[in-house]
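Comments concern the structure below.
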Amino acid sequence: MSKVLSQTATFQIRAVTSPADSELFLDVPAHVYANDPNWIAPLRSDIAKQFAPTNPFFEYGKLQAFIALEEGEKKTQAVGRIVAAVNQRLIEREGQNVGLFGFFECVPDLAIAKSLLEAACQWLQEQGMTLARGPIDLSTHNNCLCLVDGFDSPPMVMMPYNPPYYPEFLERDGWQKAKDAYAYDFPLDQPLSDKFEKAYRIACKSGITFRPLRTKGEGFEQDCISIYNLFNRAFANNWSSAPRSQEEFLEEAKSLQSLVDPDVFPVAEDNGEMIGFWMGLPDYNIPLKHVNGKLNWLGILKFLWYRRQIDQGRVIAICSLPEYRRKMVPLALIYLGMQGGIQKGKPYKRAELGWVWEDNFPSRKVIEAAGGKIYKTYRIYEKTI
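At position 134 of the sequence shown (counting the first as 1) the number is 134 in UniProt numbering, and the numbers step up by one without a gap.
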């Protein structure tokens, strides 16, 4: 029998301790977003996998999930959920006892939201944490951030989404802004400034070579290892980011392998060593919207059918080692990535670049020079516990 943490006349909060509880936990988003046309259901199996004992997270972290249950006339309905997590790698890096909350979903009921957040904070306190931060699903390498502006369009692939009332609920519960992040909109019908093509030519003259990401066999794995090493060098100081193992990175990369369009994933090399990349992906949320979170045989057929409607893409990252910025590598990668997206036969009409921390001024300056406009704002919250 699961332990009930709090209970009112209408709902109860309890820890997830059984397979039946886990199924109720996974059911929550479908209830919360039942009437939201912009919501894209994540693959149910992908969410469940994060709680499996085989998840490498459990080698350096621990978690506890909670659900809010409401008794209906015919059945018990899961109306909210949250996960409290301790990521030891993040604690060691930041030098403070910071705990995380994530996987937060809740119907529009402030009392339920507060009770879920209280349950998560209480568990974190019991683990010795003094600061709570979120929403972060175990790590910023996974789903994270709360959408606070830009609710009028669906999220692109691997981007967060939530109802407009989540920020209000968090702020009314005493959570404060820790940091904002932005997503930029790139219409592809507007030509880049000539300086980007010029930058590409300068980079080439200085000995930098460019090619598409390899997407098959040993070449793909070698490129992914190079990207992993480059990520660790270029983004080592990213805020609230804990290091991933190569095994974790390669597992995620292989799950995306069949989705890559190499024409929008150029890499830059110097004497055969990767020193930069533009990481673009087609917006597979367009077909995923039609599979309802399940890639069974019918879901696969729907995915294959609706993927033909993809007409936009997401740029996940533009990366260059700092010492190559003077050789114009970031601007050259933007030029190649954009050219790859608009070449004949490509369906892309617009792109999103996100997300970018608000205080990452070097990246923001380059993105905005290329014509990117902020169209969505996200937030991480913190609370002393």
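Idealized CB from N, CA, C, for every residue including glycine.
Checklist line | One or two residues paired with A78 in a DSSP bridge | finding: For A78, which the question treats as bridged, DSSP gives the partners L69.
Margin query: Quick check: the segment 30 to 43 against the segment 159 to 168, are at least 3 beta-carbon pairs closer than 8 Å?
Written below: For the pair of segments examined, the segment 159 to 168 was found to touch the segment 30 to 43: the number of CB pairs separated by less than 8 Å reaches three.
Check: So, are the CB atoms of G337 and V291 less than 8 Å apart?
Finding: No.
Margin query: Tell me the rounded alpha-carbon separation between M1 and A15.
Written below: Because the pLDDT at M1 is just 41, under 50, the model does not fix this residue reliably, and the point stays unresolved.
Next item on the list: Compute the Euclidean distance between the alpha carbons of A242 and L69, then round it to the nearest angstrom.
Entry: As the crow flies, the alpha-carbon of A242 is around 33 Å from that of L69.
Check: To the nearest whole angstrom, what separates the beta carbons of Q127 and G99, a pair I think is in contact under 8 Å?
Finding: The Cβ separation is near 7 Å, so the contact holds.
Next item on the list: My understanding is that F101 touches L117, with C-beta atoms under 8 Å, so please give their C-beta distance in whole angstroms.
Entry: Indeed they touch by this definition, with Cβ atoms about 7 Å apart.
Notebook entry, point to check: Contact check, S199 vs M328 under 8 Å by CB: the rounded distance?
Noted result: Strictly speaking, residue 199 in this sequence is Ala, with Ser absent from that position. With a Cβ gap of about 4 Å, A199 and M328 count as contacting.
Checklist line | residue 388, DSSP secondary structure in three states | finding: With the chain covering 1 to 385 only, the question about residue 388 has no answer from this structure.
Next item on the list: Evaluate the contact criterion for the segment 167 to 184 versus the segment 285 to 303: three or more CB pairs, one atom per stretch, below 8 Å.
Entry: No, the segment 167 to 184 does not touch the segment 285 to 303.
Item checked: Validate contact between the segment 354 to 374 and the segment 206 to 214 using beta carbons, cut 8 Å, 3 pairs -> At 8 Å Cβ cutoff, the stretches do not touch.
Check: Would you say the segment 14 to 34 touches the segment 74 to 93, given that touching needs at least three Cβ pairs under 8 Å?
Finding: Three or more pairs of CB atoms, one per stretch, sit closer than 8 Å, so the segment 14 to 34 contacts the segment 74 to 93.
Checklist line | Residues near I385 by beta carbon distance below 7 Å, same chain, minus five either side | finding: Take I385, set aside five residues on each side of it, and the residues of its chain with a beta-carbon closer than 7 Å to its own are C121, L124, Q125, M129, T130, L131, A132, in chain order.
Check: Would the segment 180 to 187 and the segment 350 to 357 be scored as touching if the rule is three or more Cβ pairs under 8 Å?
Finding: Counting Cβ pairs under 8 Å, three or more are found: they touch.
Check: S115: which of I13, G299, P29 sits nearest, CA to CA?
Finding: Comparing Cα-Cα distances from S115 to each of I13, G299, P29, the minimum goes to I13.
Next item on the list: Indicate the three-state DSSP secondary structure (helix, strand or coil) for M1 in the structure shown.
Entry: Unreliable placement is indicated for M1, whose pLDDT of 41 sits below 50; no coordinate value is reported for it.
Next item on the list: Excluding the 5 residues preceding and the 5 following residue 404 in the sequence, name in chain order all residues of the same chain whose CB lies nearer than 6 Å to its CB.
Entry: Nothing in the structure corresponds to residue 404, since the chain is present only between 1 and 385.
Margin query: What does the alpha-carbon distance come out to for the pair G371 and L192?
Written below: Looking at the backbone, the Cα of G371 and that of L192 are separated by about 7 Å.
Next item on the list: Please confirm whether any heavy atom of the ligand GTP lies closer than 7 Å to the CB of A178.
Entry: Of ligands this structure carries none, so the ligand GTP is not represented either.
Next item on the list: Note down, in chain order, each residue of its chain lying with its Cβ closer than 8 Å to the Cβ of I47, except the 5 sequence neighbours on either side.
Entry: Result list for I47: L26, F103, in chain order.
Next item on the list: Please report how far the alpha carbon of F235 lies from the alpha carbon of E273, in whole angstroms.
Entry: Across the structure, F235 and E273 are spaced so that their CA atoms are roughly 18 Å apart.
Item checked: Per DSSP, cross-strand counterpart(s) of K373 -> Its beta-bridge partners are D185.
Notebook entry, point to check: Which whole-angstrom value describes the C-beta separation of V157 and E105, a residue pair presumed to lie in contact below a C-beta threshold of 8 Å?
Noted result: Under the criterion of beta carbons closer than 8 Å, V157 and E105 do not qualify as touching, at roughly 20 Å.
Margin query: At 4 residues or longer, what runs of the alpha helix (DSSP H) sit wholly inside the segment 295 to 347?
Written below: Counting only runs of at least 4 residues, the segment 295 to 347 fully encloses the following alpha helix (DSSP H) elements, listed from N- to C-terminal order: 297 to 306, 329 to 342.
Item checked: Own chain, CB closer than 7 Å to V148, minus 5 neighbours either side, in chain order -> Taken in chain order, the residues that qualify are P167, T377, Y378, R379.
Next item on the list: Excluding the 5 residues preceding and the 5 following I316 in the sequence, name in chain order all residues of the same chain whose CB lies nearer than 6 Å to its CB.
Entry: For I316, the CB contacts under 6 Å within the same chain, skipping 5 residues up- and downstream, are M279 in chain order.
Next item on the list: Express the C-alpha separation of I367 and L331 in angstroms, rounding to a whole number.
Entry: The alpha-carbon separation between L331 and I367 amounts to approximately 9 Å.
Next item on the list: Please report the residue range of the beta strand (DSSP E) in which F210 lies.
Entry: Per DSSP, F210 is one residue of the beta strand (DSSP E) stretching across 208 to 212.
Next item on the list: In angstroms with no decimal places, state the Cα-to-Cα distance between G134 and N237.
Entry: Taking the straight line from one Cα to the other gives about 19 Å.
Item checked: D261 and P287 closer than 8 Å at C-beta -> It is not a contact, given that the beta carbons lie outside the stated cut-off.
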